[in-house]
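Position one of the sequence shown corresponds to residue 4 (this note's numbering), numbered consecutively onward. Using N, Cα and C, we set each Cβ at its ideal position, and we do this for glycine too. Right, one structure below, let's go through it.
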Amino acid sequence: MTQTQINWKNLNQKISKYFSVGEVTKGDGRRIPKSGSDIESNILKLAIKLDKIRKEWGSAIVVTSWYRPPEVNRAVGGSSNSQHLYGRAVDIHPTNPGSLIKFQTWLDQHWFGALGYGAARGFVHLDMRNGKGWRSGGQKCPRWNY
4 MTQTQINWKN LNQKISKYFS VGEVTKGDGR RIPKSGSDIE SNILKLAIKL
54 DKIRKEWGSA IVVTSWYRPP EVNRAVGGSS NSQHLYGRAV DIHPTNPGSL
104 IKFQTWLDQH WFGALGYGAA RGFVHLDMRN GKGWRSGGQK CPRWNY
């Protein structure tokens, strides 16, 4: 999917094999990225990485938070330097909540971007700071607990 082909108002439109506009925006018009922006590009890059995770995990993944512009980020109590602000972060969990700890541990092994251990709060945070992501190799980016 290219940036110019996305109708960000169509919640059902796919932005990748497994993920849709609605998962990025949560139906909130404030979360629609500017067309052609770096944020839009980051969202699409992350969607490709999430497709790989979804395929290897073998079942659906639920997105609880993706792109958050400043006003939304403040409203949810996000960090002032959150990667969600740039479309480079996502909070996710598997469809089977009983497998969240296993999912988090599995992601920790294969995700080289930053990872927030949020299983106790119902999600895992992934972000692509420093351009790292799924099985990208090298030194892993920071890990932290929520």
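### Query
If residue 33 and residue 75 are in contact, beta carbons under 8 angstroms, what's the gap, nearest whole angstrom?
6 angstroms
### Task
Could you have a look at residue 67 and say whether DSSP puts it in helix, strand or coil?
strand
### Message
Rounded to the nearest angstrom, what separates residue 59 and residue 72 at their Cα positions?
### Response
30 angstroms
### Per-residue burial, residue 15 [other beta carbons within 10 Å of its own, 16 or more giving buried]
exposed
#### Entry: Coarse secondary structure for residue 109, derived from DSSP in three states
helix
### Query
The beta strand (DSSP E) with residue 33 in it runs from where to where?
Taken as a continuous stretch (DSSP letters only), residue 33 belongs to no beta strand (DSSP E), as it is neither H nor E.
### Message
Just to confirm, is the Cβ distance from residue 132 to residue 91 under 8 angstroms?
### Response
yes
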